[in-house]
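First comes the structure, then the notes that go with it.
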Amino acid sequence: MQKITLTVKEVAELLGVSTATIYTLVREGQIPHSRIRAKIIFHKESVEAWVKQGIAI
Numbered sequence: 001m002q003k004i005t006l007t008v009k010e011v012a013e014l015l016g017v018s019t020a021t022i023y024t025l026v027r028e029g030q031i032p033h034s035r036i037r038a039k040i041i042f043h044k045e046s047v048e049a050w051v052k053q054g055i056a057i
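In terms of the UniProt record's numbering, the sequence shown opens at residue 1 and continues consecutively.
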């Protein structure tokens, strides 16, 4: 079964950036994400589409 959500750490590894960069992108509303209580999650398809748009980090 394929994983459909990613953690902050997994997205950072996927993009080759630090977790601090991911938290900044989340805080600025620049990366698609969801929150479940205090936990930030990313839908894998949304992140992949965001990357394909060529968003500069």
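Yeah, the Cβ is synthetic: ideal placement off N, Cα and C, and Gly gets one too.
Check: Would Ile31 be called buried (16 or more neighbouring beta carbons within 10 Å of its own) or exposed?
Finding: buried
Notebook entry, point to check: Cβ of Ile36 within 9 Å of Cβ of Val26?
Noted result: no
Checklist line | Unbroken alpha helix (DSSP H) run spanning Ile22, endpoints | finding: Thr19 to Arg27
Next item on the list: Identify the continuous alpha helix (DSSP H) that holds Lys44 and give its terminal residues.
Entry: Lys44 to Lys52
Next item on the list: If I'm right that Thr19 touches Lys9 with Cβ under 8 Å, what's the distance once you round it to whole angstroms?
Entry: 6 Å
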